[in-house]
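Numbering (this note's numbering), first residue to last: 12 to 196. In what follows, a structure is listed as structure tokens, so that the remarks can point back to it.
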Amino acid sequence: MQSYLRFIEEILIDEDRLQQRVEALGAQINADYSHATDLLLVCVLKGGVLFLTDLMRHIHVPHAIDFMAISSYGAGARETSGIVRIDLDLKQNIEGRNLLIVEDIIDTGTTLAYLRRLLLARNPASLKICTLLSKPSRRLTDIPVDYIGFEIPDKFVFGYGLDLDELYRSLPFIAAVNPGMYAHE
Ligand code: IMP
Ligand code: MG
């Protein structure tokens, strides 16, 4: 038996639903960017990696990819502090480019609000946000989100890029943590 099974309260989104939705998001992005001559997907590490690699297979307009890693202090036991640290920055100049941020989940919105402000200050031609998951009931900062895979309830989730203390990112589905079986912070 695989050890993560006892941490699962329920499978919120199974593999079929996930893959169908990712394909649909790709189709929407293809339509929206059909006339764009440039598209740069900015993946937020590490959680966004599985989503990015599946999503980009459905994006047929020419696009490049790049990565950022950010960590936000205070997330977890208490509310996010709003202080965000850049651990890895983009490797290229984004002035005049069409950016699409690819993120795993928007919780309070603090991290993405910071990232959005930071990237807008570098004068891209456009900036949109694509998140696989969103927890609208947790939002503290109102940020414009252009593509949302699924809205989910206020539960801690893992799988498909999202981790449980750095583990289980490779699972092909999104599961909600059983709070009784897993003490998070
Ligand atoms: P925010 O700044 O509160 O929106 O936090 C967003 C970040 O918190 C995400 O990019 C994730 O890294 C992490 N996060 C929030 N909720 C979850 C969850 O349910 N599972 C795993 N990571 C989460
Ligand atoms: Mg993230």
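Glycine residues also receive a C-beta, built at the ideal position from the N, C-alpha and C atoms. Predicted model, so just to flag it, every value in this text is computed and none were measured.
Query: Nearest-angstrom Cα separation, counted from P147 out to Y44; Result: 26 Å
Query: Expected contact under 8 Å - CB spacing of I159 and T142 to nearest Å; Result: 6 Å
Query: Segment limits, beta strand (DSSP E) that includes A187; Result: 185-188
Query: Distance CB(L50)-CB(N109) smaller than 7 Å; Result: yes
Query: Supposed close pair R149, T119 - CB separation, criterion 8 Å; Result: 6 Å
Query: Close Cβ partners of I81 (< 7 Å) along its chain, the five nearest in sequence each way excluded; Result: V55, V95, R96, I97, D98, T122, L126
Query: Beta-carbon proximity check, H69 vs E34, cutoff 7 Å; Result: yes
Query: Sequence-distant residues of its chain with Cβ nearer than 6 Å to P183 (five each side left out); Result: E26
Query: Distance cut-off 6 Å: T122 Cβ against heavy atoms of ligand 1; Result: yes
Query: Closer than 6 Å: L173 CB and nearest ligand 1 heavy atom; Result: yes
Query: V113: CB within 6 Å of a non-hydrogen atom of ligand 1; Result: no
Query: Own chain partners of N189 with C-beta closer than 8 Å, once the 5 adjacent residues on each side are dropped; Result: R17, F18, I19, E20
Query: Spatial distance of A38 from L175 (CA atoms); Result: 31 Å
Query: Residues near F78 by beta carbon distance below 7 Å, same chain, minus five either side; Result: C54, L56, L99
Query: Whole runs of the beta strand (DSSP E) within the segment 99-185, excluding any shorter than 3 residues; Result: 109-117, 137-145, 158-162
Query: Closer than 6 Å: G58 CB and nearest ligand 1 heavy atom; Result: yes
Query: Classification of A136 by the beta-carbon crowding that lies within 10 angstroms, buried from 16 upward; Result: exposed
Query: D77 in three-state terms, based on DSSP; Result: strand
Query: Euclidean distance between Cα positions of I154 and L101; Result: 21 Å
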